[in-house]
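In our numbering, the protein residues as written are 5 to 185.
Below: one structure, written as structure tokens.
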């Protein structure tokens with residue numbers, strides 16, 4: 005049975021305890037943006053003790069800061085966030101392939117009628133995989149620290165979430181100190 009068939013009854017249960025959440029302000033209360041992986045085993049609000057209205061949670065494959073930059077700019081410039089926490093995790097699928105392998109898989113699975121268009125599109129995608137978990141966190145923190153699109157007063161920290169235990173550990177921290185550009 006498709007998962008969407010359970011949405012309405014689950015939503016009805018949620019609405020029954022919704023309370024005054026409709027009055028939460030648009031900017032996040034903690035001025036925090038969390039960038040994390042889309043992995044279904046991760047519940048960032050739960051393991052970080054966040055409630056609705058506390059933070060922006062940006063999810064993508066691998067928790068890539070590069071992939072999240074558009075949302076970070078909106079979060080900072082329009083909604084006042086001044087802290088970014090990047091979370092990667094153990095057992096991440098991004099450690100298991102490289103872009104060339106994934107491009108080949110996509111091309112092989114394309115119907116003959118669209119294979120040229122599929123190849124053209126997939127060849128233009130950098131899937132942002134990595135082979136060093138701690139290193140990838142540090143690279144993302146450095147990327148954000150150096151990006152002229154991230155506000156200079158931003159605190160950026162990098163973390164690893166352990167899917168085996170639920171624990172988090174800090175991998176990198178940086179307070180941006182460059183002058184406003």
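Every residue gets a Cβ at the ideal spot worked out from N, C-alpha and C, and that includes glycine.
Excluding the 5 residues flanking it on each side, residue 111 has same chain C-beta neighbours closer than 8 angstroms at 119, 122, 123 and 126, in chain order. For the region 80-166, the continuous alpha helix (DSSP H) assignments of 4+ residues that do not extend past its boundaries occur at 103-113, 119-127 and 137-150, in sequence order. Note on residue 18: under 16 other CB atoms within 10 angstroms of its CB, so exposed under the neighbour-count rule. Within a 10 Å sphere around the beta-carbon of residue 55 sit fewer than 16 other beta-carbons, which makes this residue exposed. For residue 36, the enclosing beta strand (DSSP E) has its first and last residue at 36-41.
Counting C-beta pairs with one atom in each stretch, the region 100-111 and the region 141-157 have fewer than three that are closer than 8 angstroms, which means they do not touch. Residue 88 counts as buried, since no fewer than 16 other beta carbons sit within 10 angstroms of its beta carbon. A contact is defined here as three or more CB-CB pairs under 8 angstroms, and the region 95-104 fails this definition with respect to the region 69-85.
Secondary structure at residue 46: coil, using DSSP grouped into helix, strand and coil. Residue nearest to residue 167 within the set 27, 157, 40 and 29 is 40 (criterion: CA-CA distance). When beta bridges are read from the DSSP output, residue 176 appears opposite 162. Taking residue 102 as the centre and dropping the five residues before and after it, the same chain places the C-beta of 133 closer than 7 angstroms to its C-beta, in chain order.
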